[in-house]
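**Q** Got a structure for you, written out below as structure tokens; questions coming shortly.
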Amino acid sequence: MLTTQDFNTFNFIDFVCQNPDQHERFELDIEQGKAIFHDAGILEFIPKQTSDQYVCLSCGVHGNETAPMEIVSDIVRDILVGVQSLQVNLLILLGNPKAMLQQERFLEFNLNRMFNHHWKSYLEADPNCYEALRAKRLESAVQDFFEKSPGDARRYHYDLHTAIRASKHQRFAIYPYLDGRDAKAEQLAFMQDCGVNTVLLYHKPSSTFSYHSSHHFKADAFTVELGKVKPFGENNRDDFKQSENQLRKLVAANYHFNNDRSTDELNLFAVKKELLRVSDDSHLNVDDDLANFTEFEQGFELLSDPEEPYVVESDGEAIVFPNNKVPMGQRMALLIEPVSLG
């Protein structure tokens, strides 16, 4: 059991590695409030003073995306020892502990395709599916956390990742579908301050963790790609310092959201089309290691298929998440185009 004497040397990643399946819930009184260790990789902080801000920081949904886990682990330790100010209600989630132990993206299935209750179909096929059980547990933790907040509370969920492929824009974020709500300039400005200069406005409901919180709890949420995947200990933390500094300000309630900020310097994209595998002959005419946000010229046959080929309709159309190795009916890539909020 963790004690206050352990705080100076506490490492959240190591603690989760030692308890990857589950552990008994326990609470600790800390200088700035209370720490509640709910379960494996699920940690809640309650500040002494009342706050109307409820912040969820998730990381490690893919087990090999190490830099966000290192950032969050350091924030946890600094809260415990009193170096990091805690002025908000804070939920810390390390998403996929068993995949983290193996430093693999996932064990069987992509965890970030299982939220918004998509885990149910996986459990129907296999009641012991680890990632599906984990998605169910994480959804429960988020529900418990946000449902404690009053109706006028400010809810935030930033799901932190690093990308497995190169990108023309090293740091980018996905703004999940807003179900008819408007994109917030203050949230886009926060992304800019985190060093994220590119945002993809998603076009429909999805199975991602950020969409789940946005849809069910009206949280301001993003999937945030902070850089490139590297093993533990090989991340240059200076590359992530700008993002970490803003997250620390957020936890300290020192970040001031400003809805009047201009978004002119942001690269904003919207989804124009999903390119799907509709036959065994569907094939993207790109290299396997093509960088996200690569643009194409009008007339290029991006997707070859005898039934539904796609030829680029105008200069500047770009591609993200290309993958020729997906099953029938699944997405091979997103075709995107620049937009402005007008």
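First residue of the sequence shown: 2, per this note's numbering; consecutive thereafter.
Here a beta-carbon is modelled for each residue, glycine too, at the ideal position from N, C-alpha and C.
In this text, all values refer to a predicted model and were calculated from it rather than measured experimentally.
Below 8 Å on the Cβ atoms is my contact criterion, and I expect residue 271 with residue 202 to pass it. Report the Cβ-Cβ distance as a whole number of Å.
**A** 5 Å
**Q** In three-state DSSP terms, what is residue 273?
**A** strand
**Q** Is it buried or exposed, residue 223, if we count other Cβ atoms within 10 angstroms and call 16 or more buried?
**A** By the Cβ-count criterion, residue 223 is buried, with 16 or more other Cβ atoms from all chains shown falling within 10 Å of its own Cβ.
**Q** Terminal residues of the continuous alpha helix (DSSP H) containing residue 16?
**A** For residue 16, the enclosing alpha helix (DSSP H) has its first and last residue at 13 to 19.
**Q** In the structure shown, what three-state DSSP assignment does residue 232 receive?
**A** coil
**Q** In terms of alpha-carbon separation, which member of 266, 11, 81 and 288 lies closest to residue 198?
**A** 266
**Q** For residue 112 and residue 129, which I take to be in contact (beta-carbon distance under 8 Å), what is that distance rounded to the nearest angstrom?
**A** In fact, because the Cβ distance is near 15 Å, the residues do not count as touching under 8 Å.
**Q** Could you check if residue 226 is buried or exposed, using at least 16 other CB atoms within 10 Å of its CB as the buried criterion?
**A** buried
**Q** Taking only runs of the beta strand (DSSP E) that begin and end inside the segment 65 to 136, which ones reach a length of at least 3 residues, in chain order?
**A** 90 to 95
**Q** Would the segment 172 to 189 count as touching the segment 71 to 87 if we require 3 or more Cβ pairs under 8 Å?
**A** In this structure the segment 172 to 189 does not lie against the segment 71 to 87, because fewer than three pairs of beta carbons, one per stretch, are closer than 8 Å.
**Q** From this set, 110, 206 and 192, which residue's C-alpha is nearest residue 200's C-alpha?
**A** 192
**Q** If you measure between the beta carbons of residue 68 and residue 228, is that distance less than 9 Å?
**A** yes
**Q** Closer than 7 Å by C-beta to residue 32: which residues in its own chain qualify, once you throw out the five before and the five after it? Chain order, please.
**A** 83
**Q** Report the CB separation of residue 73 from residue 60 in whole angstroms; it is logged as a contact under 8 Å.
**A** About 5 Å; that satisfies the 8 Å criterion.
**Q** DSSP three-state label for residue 56, please.
**A** strand
**Q** With a threshold of 7 Å on Cβ separation, who are the neighbours of residue 314 within its own chain once the five nearest residues in sequence on each side are excluded?
**A** 299
**Q** Please identify the residue among 253, 108 and 275 whose C-alpha is closest to the C-alpha of residue 50.
**A** Minimum Cα distance to residue 50 is reached at 253.
**Q** How big is the Cα-Cα spacing for residue 367 and residue 273?
**A** The structure shown does not extend to residue 367, since the chain is modelled only from 2 to 343, so the question has no answer here.
**Q** Assuming residue 176 contacts residue 207 (C-beta within less than 8 Å), just tell me the rounded distance between them.
**A** At roughly 11 Å, the Cβ-Cβ gap does not stay under 8 Å, so residue 176 and residue 207 are not in contact.
**Q** Taking residue 304 as the reference, which of 276, 295, 290 and 327 has the closest Cα?
**A** Nearest Cα to residue 304 within the set 276, 295, 290 and 327: 276.
**Q** Can you tell me which of 7, 249, 95 and 291 puts its alpha carbon nearest to the alpha carbon of residue 140?
**A** 95
**Q** Go through its chain and collect everything with a Cβ distance to residue 52's Cβ below 8 Å, but skip five positions before and after it.
**A** Around residue 52, the same chain offers 88, 89, 90 and 254 as residues with beta carbons nearer than 8 Å, after the five sequence neighbours per side are excluded.
**Q** Going by DSSP, which residues form a beta bridge with residue 305?
**A** 284
**Q** What is the DSSP secondary structure of residue 46, reduced to helix, strand or coil?
**A** strand
**Q** What is the DSSP secondary structure of residue 311, counted as helix, strand or coil?
**A** In this structure, residue 311 counts as strand in the three-state DSSP scheme.
**Q** Alpha carbons only, please: which of 163, 135, 54 and 100 is nearest the one belonging to residue 146?
**A** Answer by Cα proximity: 54.
**Q** On the criterion of 16 or more Cβ atoms from any shown chain inside 10 Å, does residue 209 qualify as buried, or is it exposed?
**A** buried
**Q** Sort out for me which residues DSSP pairs residue 9 with in a bridge.
**A** BP columns for residue 9 are empty, so no partner.
**Q** Report buried or exposed for residue 329, applying the criterion of at least 16 other Cβ atoms within 10 angstroms of its Cβ.
**A** exposed
**Q** Which first and last residues belong to the alpha helix (DSSP H) in which residue 249 is found?
**A** 242 to 252
**Q** Alpha carbon to alpha carbon, what distance is there between residue 286 and residue 234?
**A** Residue 234 and residue 286 have their C-alpha atoms roughly 36 Å apart.
**Q** Looking at residue 103 and residue 64, is the spacing between their C-beta atoms short of 9 Å?
**A** yes
**Q** Using a Cβ-Cβ cut-off of 7 Å (strictly less than) and excluding sequence neighbours within five positions of residue 136, which residues of its own chain qualify?
**A** So the qualifying residues of the chain are 112, 115, 116 and 120.
**Q** Span of the beta strand (DSSP E) holding residue 173?
**A** 173 to 176
**Q** Could you tell me if residue 301 is buried or exposed, where buried requires 16 or more neighbouring beta carbons within 10 angstroms of its beta carbon?
**A** exposed
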